[in-house]
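Our numbering puts the first residue of the sequence shown at 24, with every later residue one more than the last. We put the beta carbon where it would ideally sit given N, CA and C, even for glycine. Since the structure is predicted, the reported quantities are computational estimates derived from the model, not experimental observations. Read through the structure below, which is laid out as structure tokens, and then see the notes.
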Amino acid sequence: MTATSSLIAADPAIDARFMALALALGRRGLGNTWPNPAVGAVIVRHESHRPVVVGRGWTQPGGRPHAEVEALGRAGAAARGATIYTTLEPCSHFGQTPPCADAIIAAGIARVVSALDDPNPDIAGEGYRRLRAQGIAVVTGIGAEEARRVHAGHMRRMRDGRPHVMLKLAVSADGKAGLAGRRPAAITGEPVRERVHRLRAMYDAVLIGVGTALADDPLLTCRLPGMANRSPVRVVLDSDLRLPPDGRLARGAQEVPLWIVAGPHAAPAREDALRRRGAEVLREGGDRRDLAATLKLLATRGITRLMVEGGPIVAAAFLAADLVDEAVLLRAPTTLGADGIDALDGLPLTALTRSPRLRSRGVATAGADSVETFERS
Numbered sequence: 024m025t026a027t028s029s030l031i032a033a034d035p036a037i038d039a040r041f042m043a044l045a046l047a048l049g050r051r052g053l054g055n056t057w058p059n060p061a062v063g064a065v066i067v068r069h070e071s072h073r074p075v076v077v078g079r080g081w082t083q084p085g086g087r088p089h090a091e092v093e094a095l096g097r098a099g100a101a102a103r104g105a106t107i108y109t110t111l112e113p114c115s116h117f118g119q120t121p122p123c124a125d126a127i128i129a130a131g132i133a134r135v136v137s138a139l140d141d142p143n144p145d146i147a148g149e150g151y152r153r154l155r156a157q158g159i160a161v162v163t164g165i166g167a168e169e170a171r172r173v174h175a176g177h178m179r180r181m182r183d184g185r186p187h188v189m190l191k192l193a194v195s196a197d198g199k200a201g202l203a204g205r206r207p208a209a210i211t212g213e214p215v216r217e218r219v220h221r222l223r224a225m226y227d228a229v230l231i232g233v234g235t236a237l238a239d240d241p242l243l244t245c246r247l248p249g250m251a252n253r254s255p256v257r258v259v260l261d262s263d264l265r266l267p268p269d270g271r272l273a274r275g276a277q278e279v280p281l282w283i284v285a286g287p288h289a290a291p292a293r294e295d296a297l298r299r300r301g302a303e304v305l306r307e308g309g310d311r312r313d314l315a316a317t318l319k320l321l322a323t324r325g326i327t328r329l330m331v332e333g334g335p336i337v338a339a340a341f342l343a344a345d346l347v348d349e350a351v352l353l354r355a356p357t358t359l360g361a362d363g364i365d366a367l368d369g370l371p372l373t374a375l376t377r378s379p380r381l382r383s384r385g386v387a388t389a390g391a392d393s394v395e396t397f398e399r400s
């Protein structure tokens, strides 16, 4: 079969359809591919007057192999003369793997449809230039809006030197996040709790303050059946290293990474006790008043997507610092009473719901609770 006979004719509807499939494949890797982006790729050729998928791929755990190489491997010889749909510009530099652009050229791909340009300075259009120099047709911008959401972590880390931040808040009908005396309360129902576990699986790391760690003694893992290996890195802001070595977070540090962001003056003996449990103690910060420095630190360690789970002090600090890119507000129909703890310390809930920086994407129901999502406008 000749290259021209297998090539998909330019058709916006067909391109949109297969890019949507590539985006769905790429989402499988969210939270599991850092420091690399979670890319999806689909290879399609024209057979018997219709498009046929001959290869699919998504970025594998740890960021390699890349999606394009996975798809090319599955397509084999059928890739020659075909179209590849990829959610991000194919890489053009030698990193831990050879360039995907070179693999596409070697496979004989005739047309590349890409959703987004890669802002990585090692790529930044060079992937497209290399492909075009070999006579390969390149189309860009198909599915770009959704691709920007999928690749928000990569884009933010490349452009701003920090992870994409999603704030999760669970609040009662009267805007409370806990009981008096900072006692924890089960606010939302089981459907919402399952949703939170799914969210954790899609983020590289989850962050809380030491106050929440002491009050709740949480695990912060993904506890859905069969998904324990998708648990994110647990990050605790703990300037004085008050986190107890016998708490659940520290006890589980051998199985799920625990990073404790501490201040320079925290006691070395406390650090040693936590390190013996398997935790990593990062001495570059730990102060919620310098969250930008903490985010930069996490980005240098490869984190692209960060889920902030609380508590009220940390949540308010992220909002006040304008470091929230996305938010999920989980509302329960029950009340906790006037003496309960406000969801945002020192701020009204409207600091989120009516923020000029964030816009609502809509409200859904989960059991008796509601789920409202926001994104940076």
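Between the alpha carbons of V259 and L243 lies a distance of about 11 Å. Here V92 is not near A47, since their CB atoms are 7 Å or more apart. Per DSSP, T373 lies in no beta strand (DSSP E); the unbroken alpha helix (DSSP H) holding it starts and ends at T373 to T376. If you draw a straight line from the Cα of I146 to the Cα of R206, it comes to about 50 Å.
For H187, the beta-bridge partners assigned by DSSP are R328. Between A228 and L329, the CB-CB gap stays under 7 Å. By alpha-carbon distance to W57, the top candidate from A193, L314, G198 and A175 is A175. When secondary structure is reduced to three states using DSSP, R306 falls in the coil class, being assigned neither helix nor strand.
Uninterrupted beta strand (DSSP E) stretches at least 3 residues long and entirely within the region 144 to 180 occur at 160 to 163, given in chain order. Residue environment for R354: buried (at least 16 other C-beta atoms within 10 angstroms of its C-beta). With fewer than 16 other Cβ atoms from the protein chains shown falling within 10 Å of its own Cβ, A100 counts as exposed.
Ranking G86, A209, I107 and G85 by CA distance to the CA of G363 puts A209 first. Fewer than three Cβ pairs drawn from the region 243 to 255 and the region 282 to 291 lie within less than 8 Å of each other, which leaves the two stretches out of contact. Annotated three-state conformation of D197 is coil, per DSSP. The Cβ atoms of V62 and T110 lie closer than 7 Å to each other. In the DSSP secondary-structure assignment, E349 is bridged to M189 and E398.
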